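Q: Top to bottom, those sequences are chains R and Y. Just so you know, the first sequence maps onto residues 2 to 244 in my numbering. Just so you know, the second sequence maps onto residues 2 to 244 in my numbering. In this text, a Cβ means the ideal position worked out from N, Cα and C, and glycines have one as well. Please read these numbers as outputs of a predicted model, since none were measured by experiment. Sending over a structure as structure tokens; questions will come in a sec.
2 protein chains.
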Amino acid sequence: MPSDVIRGALIKRLRVSSAIADEDIREIEALPISVRHYPAETAVVRDGERATDCCLIADGFCARSKTIANGKRQILSLHIPGEIPDLMSLFLHVMDHDLSTLTAATLGLISHETLQKLHRRRPVVAEMFWRDTLIDSAMFREWIVNVGQRPAPARLAHVMIELRERLKIIGRVDGASFEMPLTQEQIGEALGITAVHANRVIRQLREEGIVELHRGRVTVLDERKLSELADFDGRYLHQSPTL
Amino acid sequence: MPSDVIRGALIKRLRVSSAIADEDIREIEALPISVRHYPAETAVVRDGERATDCCLIADGFCARSKTIANGKRQILSLHIPGEIPDLMSLFLHVMDHDLSTLTAATLGLISHETLQKLHRRRPVVAEMFWRDTLIDSAMFREWIVNVGQRPAPARLAHVMIELRERLKIIGRVDGASFEMPLTQEQIGEALGITAVHANRVIRQLREEGIVELHRGRVTVLDERKLSELADFDGRYLHQSPTL
DNA sequence: CCCCGGTTCCAACAAAAGTTAAGGACGCCG
DNA sequence: CGGCGTCCTTAACTTTTGTTGGAACCGGGG
Numbered sequence: 002m003p004s005d006v007i008r009g010a011l012i013k014r015l016r017v018s019s020a021i022a023d024e025d026i027r028e029i030e031a032l033p034i035s036v037r038h039y040p041a042e043t044a045v046v047r048d049g050e051r052a053t054d055c056c057l058i059a060d061g062f063c064a065r066s067k068t069i070a071n072g073k074r075q076i077l078s079l080h081i082p083g084e085i086p087d088l089m090s091l092f093l094h095v096m097d098h099d100l101s102t103l104t105a106a107t108l109g110l111i112s113h114e115t116l117q118k119l120h121r122r123r124p125v126v127a128e129m130f131w132r133d134t135l136i137d138s139a140m141f142r143e144w145i146v147n148v149g150q151r152p153a154p155a156r157l158a159h160v161m162i163e164l165r166e167r168l169k170i171i172g173r174v175d176g177a178s179f180e181m182p183l184t185q186e187q188i189g190e191a192l193g194i195t196a197v198h199a200n201r202v203i204r205q206l207r208e209e210g211i212v213e214l215h216r217g218r219v220t221v222l223d224e225r226k227l228s229e230l231a232d233f234d235g236r237y238l239h240q241s242p243t244l
Numbered sequence: 002m003p004s005d006v007i008r009g010a011l012i013k014r015l016r017v018s019s020a021i022a023d024e025d026i027r028e029i030e031a032l033p034i035s036v037r038h039y040p041a042e043t044a045v046v047r048d049g050e051r052a053t054d055c056c057l058i059a060d061g062f063c064a065r066s067k068t069i070a071n072g073k074r075q076i077l078s079l080h081i082p083g084e085i086p087d088l089m090s091l092f093l094h095v096m097d098h099d100l101s102t103l104t105a106a107t108l109g110l111i112s113h114e115t116l117q118k119l120h121r122r123r124p125v126v127a128e129m130f131w132r133d134t135l136i137d138s139a140m141f142r143e144w145i146v147n148v149g150q151r152p153a154p155a156r157l158a159h160v161m162i163e164l165r166e167r168l169k170i171i172g173r174v175d176g177a178s179f180e181m182p183l184t185q186e187q188i189g190e191a192l193g194i195t196a197v198h199a200n201r202v203i204r205q206l207r208e209e210g211i212v213e214l215h216r217g218r219v220t221v222l223d224e225r226k227l228s229e230l231a232d233f234d235g236r237y238l239h240q241s242p243t244l
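If you want it as structure tokens, here you go:
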């Protein structure tokens, strides 16, 4: 995979959330990145580990999660190409959660050292990355609301729409359908419900003609009903650099 | 309230999470802060508003929350003296949630402009504040797990222990007891359950001789049982500057 | 081609949490 | 001191979600 393809999605994404100068883009394009391939369902960094690199997703889907004493797992966020899910490890060196692949994935590793140097050289880029971690944080806040206050069908609808909005930015939504490569077990872990209940909810949305979910692909059947159910307000994604 | 008292808790807190030079402390002590008093249960900044200052809690308790379309509210975090709950507004100018007081509170307002200038002058301080927002983010992750995976009694126990650990840093734990000035309604909103169920859970913990909760004050009766129930691992608070 | 493991799907029952309703405690204010 | 409002408390009932267990489906590897 050529270097510009790897960085393309990142720059596309940064442009949406921050104003960014050409000079800074060149700096980012010059960043030394080492590429690694991971199979599906593999740990990239584990809870408790000490990270020395951040990873930029070049291709594939990832998820962050935490596992508690009784063995239950909670998925905290989903990640798509162009994102750096463990940017936080730059300053929080020991991981407090897992980062793993959902699908087979290509990741670009950027060393902490490289990033620190870039920040010293270009404080504006540092601010941009800071802003990126703050958006990450805003997404966690919305995730708390989702899991804490919405009934299960609304939770699923909300996660779907959030994912779609983010996929749109990198041009990965194909009409009424987009990828969401989670098993029902994982959907349950994301929504804070069991896999059995996740299945019930998926069936319900299908029977009501709202969305179809098949083989890791979502097809929206009734946009109106879906967005009403999801109660989605994308402001928390902070996609307007001017504001 | 004298200026050094206002800044004291902040510096105490920053020392715990980051290594910090005397020179930088002096910079922070020189920050122009305007002090305001708020009654209990008052909005400080509202969802959708555009912030121009960050507020340092000098005294009192605050909470951040989001309210969804059906009127339900989710509390996202609790905040104590020494914290800057809306530091994120520095780069995410329009608020995606509410910040309000729980008790009567004294807040020190620091303008965004002042902070930006300080960051340009002392990048190390910027990194320290960045790290602070990342710890904030780590706390949201744990809150997701709490609301998503733990049964209600464990949720309550976990929130209590987290609050206690943070109060310890600023010397606000008095033996087996500490402040937690939430109504049962608010406890429900924090845990993602109804007030009625919150009451059930509180009663249960009292009947089992684990904790007593009375008038906004928690008294731990059985430390062993409490920490077993809470499944608490404080690593996510990232309180070790060396790591 | 068929078997195997992982998923999906489903039903019956159990447990947890939400809803509604109403009485009691407590502090504040007139 | 009495009344009012907020919070706390509890019970009875409903709904949602979890649990258990099992069948059908599907894709990949032998």
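I'd like to check one pair, L222 of chain Y with E208 of chain Y: are the Cβ atoms closer than 8 Å?
A: No, the pair does not count as a contact, with Cβ atoms beyond the cut-off.
Q: Please name the residues in the stretch 121-148 of chain Y whose beta-carbon is closer than 8 Å to at least one beta-carbon of chain R, in chain order.
A: R121, P124, A127, E128, W131, R132, T134, L135, I136, D137, S138, A139, F141, R142, E143, W144, I145, V146, V148
Q: Any C-beta of chain R within less than 7 Å: which residues of the stretch 62-94 of chain Y qualify?
A: K67, I69, A70, K73, Q75, L77, M89, F92, L93, H94
Q: Give the straight-line distance between the Cα atoms of R37 of chain Y and A59 of chain Y, rounded to the nearest whole angstrom.
A: Distance between the alpha carbons of R37 of chain Y and A59 of chain Y is about 10 Å.
Q: Can you list, in chain order, the residues of its chain with a C-beta nearer than 7 Å to that of S19 of chain Y? Leave out the 5 residues immediately preceding and following it.
A: M129, R132, P242
Q: Return helix, strand or coil for S241 of chain Y, following the three-state DSSP convention.
A: DSSP places S241 of chain Y in coil when its eight states are reduced to three.
Q: What is the DSSP secondary structure of T107 of chain R, reduced to helix, strand or coil?
A: strand
Q: Quick one: grab the DSSP three-state call for V17 of chain R.
A: In the structure shown, V17 of chain R sits in a helix (DSSP, three-state: H, G or I).
Q: Name the two residues that bound the continuous beta strand (DSSP E) containing S78 of chain Y.
A: 74-80
Q: Please classify H215 of chain R as buried or exposed, where buried requires at least 16 other C-beta atoms within 10 Å of its C-beta.
A: exposed
Q: Let me see if you follow: with CB-CB separation under 8 Å, is R236 of chain Y close to chain R or not?
A: yes
Q: Would you mind reading off the limits of the beta strand (DSSP E) that contains A1 of chain Y?
A: Any answer about residue 1 of chain Y is impossible in this case: the structure gives chain Y only from 2 up to 244.
Q: What do you reckon, are the CB atoms on I13 of chain Y and I171 of chain Y nearer than 8 Å?
A: One detail in the question is off: residue 13 of chain Y reads as Lys in this sequence, not Ile. Against a cut-off of 8 Å, the Cβ pair of I171 of chain Y and K13 of chain Y comes out as a contact.
Q: Within the continuous beta strand (DSSP E) that includes S90 of chain Y, where are the two ends?
A: Run containing S90 of chain Y: none; DSSP gives neither H nor E here.
Q: With DSSP run on the structure shown, which of helix, strand or coil describes H98 of chain R?
A: coil
Q: Residues of chain Y with a CB under 9 Å from the CB of V244 of chain R: which are they?
A: The sequence as given places Leu at residue 244 of chain R; Val does not occur at that position. Neighbours of L244 of chain R on chain Y, chain order: R51, L93, H94, V95.
Q: May I ask you to list, following chain order, the residues of the stretch 195-223 of chain Y that have a beta carbon less than 7 Å from some beta carbon of chain R?
A: none
Q: Find the residues of chain Y that neighbour D25 of chain R, judging by a C-beta separation of less than 9 Å, and give them in chain order.
A: Taking the beta carbon of D25 of chain R as reference, no residue of chain Y falls within 9 Å; the closest one sits roughly 16 Å away.
Q: Can you pull the chain Y neighbours of D54 of chain R, defined as C-beta to C-beta under 7 Å?
A: Near D54 of chain R there are no residues of chain Y at all, since even the closest Cβ is about 17 Å away, more than 7 Å.
Q: How would you list, in chain order, the residues of chain R whose beta-carbon sits under 9 Å from the beta-carbon of Q185 of chain Y?
A: What Q185 of chain Y touches in chain R: nothing, since even the nearest Cβ is about 16 Å away.
Q: Is D99 of chain R close to chain Y? Criterion is C-beta to C-beta, closer than 8 Å.
A: no
Q: Measuring CA to CA, which of Y:M140, Y:I76, Y:L164 is closest to T220 of chain Y?
A: If you compare the alpha carbons of Y:M140, Y:I76, Y:L164 with that of T220 of chain Y, the shortest gap goes to Y:L164.
Q: Run through chain R and tell me which residues come within less than 7 Å of Q150 of chain Y, C-beta to C-beta.
A: I69, K73, Q75, G193
Q: Kindly say whether H1 of chain R, judged by its beta-carbon, lies nearer than 8 Å to any beta-carbon of chain Y.
A: The structure shown has nothing for residue 1 of chain R, since chain R only spans 2 to 244.
Q: Give the DSSP-derived three-state secondary structure of V174 of chain R in the structure shown.
A: coil
Q: Could you have a look at T115 of chain Y and say whether DSSP puts it in helix, strand or coil?
A: helix
Q: Got a sec: is the Cβ-Cβ distance from D232 of chain R to anything in chain Y below 8 Å?
A: D232 of chain R counts as touching chain Y.
Q: Let me make sure I understand the geometry here. Which of R:I34, R:Q185, R:G193, R:L192 has the alpha-carbon closest to that of R204 of chain R?
A: R:Q185
Q: Considering only residues of the same chain and omitting the five flanking positions on each side of V95 of chain R, which have a CB-CB separation below 6 Å?
A: R51
Q: Quick check on the DSSP output: the beta strand (DSSP E) that includes A59 of chain R runs from which residue to which?
A: 54-60
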